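Here's the structure, in structure tokens; my notes come after.
Numbering (my numbering), first residue to last: 3 to 120.
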């Protein structure tokens, strides 16, 4: 599976296309998605060009869209073939935001969508 990774200390010159293993079959309660599109926005640019980058090997891109490729046991809200999109703040689905930082944002605090499958 191809992905783009950001190597320390960051910067556009430290973005690399790498070949790695595909994700395993999803565990109970999880889904696996084949990524078909990812958009580049200013947040992604600011993450990549941030000075003093510490998350060596981070996969950038906060937005992703794709098709469900596999579902784990107990998943009822999705099925293989469903079209899905990511959430910028995955832990905030509705209501008043209580996010205090970017630790759960794909491509920033966790790996993002610059890859073929998640």
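In this text, a Cβ means the ideal position worked out from N, Cα and C, and glycines have one as well.
Predicted, not measured: the structure shown is a model, and the values here were computed from it.
For this session: Give every residue of the same chain whose Cβ lies closer than 7 Å to the Cβ of residue 49, excluding the five residues on either side of it in the sequence, and list them in chain order.
Result: The residue you call residue 49 lines up with position 47 of the chain shown. Excluding positions up to five away in sequence, the list reads 62, 109, 110.
For this session: For residue 120, collect the residues of the same chain with a Cβ closer than 6 Å to its Cβ; drop the 5 residues on either side in sequence, then sort them by chain order.
Result: Here residue 120 corresponds to residue number 118 of the chain shown, with the count starting at 1. For residue 120, where only same-chain residues beyond five positions count, the Cβ hits under 6 Å are 35.
Exercise. For the 8 Å Cβ check, are there 3 or more pairs between the segment 18-31 and the segment 84-91?
Worked result: Taking a cut-off of 8 Å for Cβ pairs, the segment 18-31 and the segment 84-91 do not touch, as fewer than three such pairs fall below it.
Exercise. DSSP on residue 46, reduced to helix/strand/coil?
Worked result: Residue 46 sits at position 44 when you count from the first residue of the chain shown. The answer is helix: DSSP assigns residue 46 an H, G or I state.
For this session: Report yes or no: do the segment 52-69 and the segment 92-100 share at least 3 C-beta pairs separated by less than 8 Å?
Result: No, the segment 52-69 does not touch the segment 92-100.
Problem set entry | Residue of 17, 59, 31 minimising C-alpha distance to residue 73 | Numbered from its first residue, the chain shown carries residue 73 at position 71. Considering only alpha carbons, the answer is 31.
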